[in-house]
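Peer 1: First the structure, which I've put down as structure tokens, then a few questions once you've had a look.
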Amino acid sequence: MHDTIQYCMAGTSEFQVMNPAASTATATEELPAQYTGCHAHDSTMYCLDNTGEEYELVAEGAETSEAGEGHEHESTESHEGQNCHFHAGVEHCVGAGESESGGTRSCERTDRTYNIPLRIGLLFVIFITSAIAVFAPILMGSYLQNNAVNFCLMILKQFGTGVMVSTAFIHLLTHATLMLTNECIAWPVQYEGTATAIMMAGIFLAFLTEYLGARFLFWRNDKHAPAGGSNSSVGSGDHDPEAGGGSLESGGGGGGGKTAPTNTLTTIAGCGNELMTHVHPGQEKLAVTVMETGIVFHSLLIGLTLVVAGDSFFLTLFVVIIFHQAFEGIALGARIAELPSSSSSSSPSPYILPPNTHPVSLTTKLTMGALFALVTPVGMAIGIGVLGEFNGNDPATLVAIGALDAVSAGILAWVALVEMWAGDWMHGGAMARAGLTRTVVGLGALVAGMALMGVLGKWA
């Protein structure tokens, strides 16, 4: 009972009892605890009570189902005549016949019953899934050294690039826009580009972090470079990367002892018939760190919004988040696995470590993976703690979640498009001169990552 209206559950769907005796009863009158013999006539369901009397049941929110088309819906008991649904787990309610972008909303908190033991149990499922997804590529790259494993890592890496692109634009930017355009926020000046403006700030923040980090690496390596300058100095900026015909002699320096100049930003290594160039390993580690920062921000929000979703939508959203975490874990793990472990050939990374460069230990890689595996469960734990107070339509909540989503979208957009996509395929990366088979498979994995993560955007 909610006030004087009786509701019943059939499977995961909620129905309002429309019989006049039931719908106008007072809270003290006895009503049937359950109904049997349910059957449908056209779009209306009828059920019998224990005396054989027939009652009409109407699916809650059926009259307004077109209001939030394209998103999973759950009707909210305390919002009679409204259609309530979830975007990334945050509830939004609109009136009958109103669109998502129009009409009036209730900004009040909705009281609902949550299955807390279920949420606590599934917290560990999220953790295990995230851990397997992120640790598998790291351990493969550290202990299994052969061409087949390297080929698999290439597939995972390109799949992860597609996942990150889709996450930035379909998941984060879309939901940031929905949050920041919610009518519960009383902006002093209406500006439709708020979310994209914050996203641009995230892009600039990611760029600035990597740029300043690169300048620091240049300064540090110049400081420790041998007097007189040598091939080992990194970051001088006086060398032309196109000098010497773009080639680097690996032998004893034929051609009269003339040594080709080295690009201070680039390390070149031969791998079969392919020529692979990469940025300084310190910059590569910084790029992966920036990428993980963007993932951590929005993974925390994912855990929070998953828990506060209503019970009838929770399991659907949980399944989607499982795949979401698996895809993101693979994307991050493949990039972490590529970080150089040592200067020996045992590392799967195609780097020749320059002087004064510390390899990334396996412990560091596992720590980076563990941070990803833990952050979503931590967000879920926070969500469980605030279940009794969380209001998805509170202006402060909307601004906080929307802004963090937009910043994360900008960070991941920079990393995905510049560092991962363009870095691998256009700027001397491993795929720039790859053979036909690797190119076709890599492109397929890239598109698959974007497509699969894009499909998940329907629910989360």
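Numbering (UniProt numbering), first residue to last: 1 to 460.
Ideal Cβ positions, reconstructed from N, Cα and C, are used throughout, including at glycine.
1) Between residue 448 and residue 188, what straight-line distance do the alpha-carbon atoms span, to the nearest angstrom?
2) Is the distance from the Cβ of residue 202 to the Cβ of residue 407 below 8 Å?
3) Can you give the Cα-Cα distance for residue 341 and residue 382, rounded to whole angstroms?
4) For residue 48, name the three-state secondary structure that DSSP assigns.
5) Across which residues does DSSP place residue 54 in a beta bridge pair?
6) Below 8 Å, how does it come out for the region 433-452 and the region 200-220: are there three or more Cβ pairs, yes or no?
7) With DSSP as the reference, label residue 113 as helix, strand or coil.
8) Kindly indicate which three-state DSSP category residue 360 falls into: helix, strand or coil?
9) Considering only residues of the same chain and omitting the five flanking positions on each side of residue 416, which have a CB-CB separation below 7 Å?
10) Who are the Cβ neighbours of residue 333 in its own chain at under 7 Å, not counting the five residues just before and after it?
11) Taking 8 Å as the cut-off, decide whether the C-beta atoms of residue 326 and residue 129 are in contact.
12) Alpha carbon to alpha carbon, what distance is there between residue 126 and residue 297?
13) Answer with buried or exposed for residue 412, where buried requires no fewer than 16 other C-beta atoms within 10 angstroms of its C-beta.
14) Applying the criterion that 16 or more other CB atoms from any shown protein chain within 10 Å of the CB defines a buried residue, is residue 158 buried or exposed?
15) Is it buried or exposed, residue 361, if we count other Cβ atoms within 10 angstroms and call 16 or more buried?
16) Does residue 451 come out as helix, strand or coil in the three-state DSSP assignment?
17) Straight-line CA distance for residue 399 to residue 173?
18) Measure how close the beta-carbons of residue 402 and residue 179 come, nearest whole angstrom, since I'm counting them as under 8 Å.
19) Under the rule that 16 or more other beta-carbon atoms within 10 Å means buried, what is residue 377, buried or exposed?
20) State the start and end residues of the unbroken alpha helix (DSSP H) segment that holds residue 406.
21) Does the beta-carbon distance from residue 213 to residue 283 come in below 8 Å?
22) Output yes or no for whether 8 Å exceeds the beta carbon distance between residue 459 and residue 316.
23) Nearest-angstrom Cα distance between residue 443 and residue 364?
24) With a 10 Å radius around its C-beta and 16 neighbouring C-beta atoms as the bar for buried, classify residue 197 as buried or exposed.
25) What residue range is occupied by the uninterrupted alpha helix (DSSP H) comprising residue 146?
26) How many angstroms separate the CA atom of residue 16 from the CA atom of residue 446?
27) Assuming the contact rule is C-beta atoms closer than 8 Å, residue 335 and residue 288 should be a hit. Round their C-beta distance to whole Å, please.
Peer 2: Quick answer:
1) 42 Å
2) In contact: residue 202 and residue 407 (Cβ atoms closer than 8 Å).
3) Each residue's Cα considered, the two are about 35 Å apart.
4) strand
5) 48
6) Judged by Cβ distances under 8 Å, the region 433-452 makes no contact with the region 200-220, as fewer than three pairs qualify.
7) coil
8) coil
9) 161, 164, 165 and 168
10) 133, 134, 135, 136, 137, 138 and 369
11) yes
12) 16 Å
13) buried
14) buried
15) Exposed, by the Cβ-count rule.
16) The answer is helix: DSSP assigns residue 451 an H, G or I state.
17) 14 Å
18) 3 Å
19) buried
20) That run of the alpha helix (DSSP H) goes 395-414.
21) yes
22) yes
23) 30 Å
24) Under the 10 Å beta carbon count, residue 197 is surrounded by fewer than 16 other beta carbons and is classified as exposed.
25) Here residue 146 belongs to no alpha helix (DSSP H), and DSSP marks it neither H nor E.
26) 47 Å
27) 5 Å
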